[in-house]
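So the structure is just underneath, and the comments pick up after that.
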Amino acid sequence: MAGPMKARAKMRGNYTEIRVLMSHPMETGLRKNKGKVVPKHFIQNLTVKLNGKTVIEGEISQAVSRNPVFSFRVDGAKKGDKVEISWLDSKGDTNKTETAVA
Amino acid sequence: MDEARRVVLRGAGATGMFAAALAAGLLKPERALAASWNKAAFDAKSTIDAMQGIGAANPQKSEDIIIDAPQIAENGAVVPVEITSKIAGTTAIAVLIEKNPQPLAGQFQFMAGALPYVKVNVKMGESSLVRVIATAGGKHYTATKDIKVTAGGCGG
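Just so you know, the protein sequences line up as chains U and X, in that order.
Position one of the first sequence corresponds to residue 2 (this note's numbering), numbered consecutively onward.
Position one of the second sequence corresponds to residue 389 (this note's numbering), numbered consecutively onward.
Dropping the structure here:
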């Protein structure tokens, strides 16, 4: 279930913007396919780490759009710093990606 | 048959019943992983219950929470919401879509190094107030924005 995941971190003046794209169906459990309800299946937890240290933790619901895209901002990051983002979904699937601050 | 049922019902109260149901494979533990997920708050069907679930029952109105989102969203399946808290020492931001079946869409914790900012795309079933709750120094602050949706994004 873990599709591609992309992240980018870019310095913008006095902060660094982290953008991340996660491939995930984010099924609400309300949608029907050929008359059958598609069961709930969505990302529940996400973690953003900067140089190995957790800076942001998110808990989300099925109300986040399909293939979620998030932007976050961190302070005091330098070029080349390592950004790691991971998620965990309602079925226990997980995925992660990393990038360097540009 | 009937007697067995009575025994179970009379049995050692709620915990006993739960254990019995678990043993019978009637209930599956939802998830056996370590990461925490505030199920009670996310399952809440009203904004008030969801706010209680995250421990922010009576937030104070604040103009220092900036919600940047379209006034009219053509597609309820993808509504971009950008949130910035200007409240000093903000450690958490929660997003609630009041008229969604379960209002709480997400909650983000910001540790040292992170700015209290998040941009996320959410689904909206219908036009609704979008409520943001920011937590700073153990206090809760809130701001809302009305977003009109011309096509819902939950069923289909």
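All C-beta atoms in this analysis are idealised placements derived from N, C-alpha and C, irrespective of residue type, glycine included.
Treat the numbers as computed from the prediction; the structure is a model and nothing was measured.
| Check | Outcome |
| --- | --- |
| Residues bridged to Ser-516(X) [DSSP beta-bridge criterion] | Ile-535(X) |
| Straight-line gap, Glu-85(U) to Leu-51(U) (C-alpha atoms, nearest Å) | 6 Å |
| Residue-level contact to chain U via CB, Met-512(X), 9 Å cutoff | yes |
| Met-2(U) in three-state terms, based on DSSP | For Met-2(U), the pLDDT reaches just 49, beneath the cut-off of 50, and the residue's location in the model is therefore unreliable, although a value from the coordinates is still provided. Residue state, collapsed to three classes: coil. |
| Cβ-Cβ distance between Ile-44(U) and Val-65(U) below 9 Å | yes |
| Local Cβ density within 10 Å of Gly-513(X), reported as buried at 16 or more and exposed below that | buried |
| At least three beta-carbon pairs within less than 8 Å, the stretch 425 to 432 of chain X to the stretch 489 to 507 of chain X | yes |
| Helix, strand or coil at Ala-429(X) according to DSSP, with G and I counted as helix | helix |
| Bridge partner(s) assigned by DSSP for Thr-523(X) | Ala-480(X), His-528(X) |
| 6 Å CB neighbourhood of Ile-460(X) in its chain, flanking five on each side removed | Lys-536 |
| Partner residues on chain U for Ile-485(X), Cβ-Cβ distance less than 7 Å | Ala-64 |
| Those runs of the alpha helix (DSSP H) which lie wholly inside the stretch 434 to 486 of chain X and span at least 4 residues | 435 to 441 |
| Residue from Glu-28(U), Thr-98(U), Val-102(U) whose Cα sits closest to the Cα of Val-38(U) | Glu-28(U) |
| For Met-12(U), the three-state DSSP class (helix, strand or coil) | strand |
| Where Gln-497(X) sits in the DSSP three-state scheme | strand |
| Cβ-based burial, Lys-474(X) [other Cβ within 10 Å; buried from 16] | exposed |
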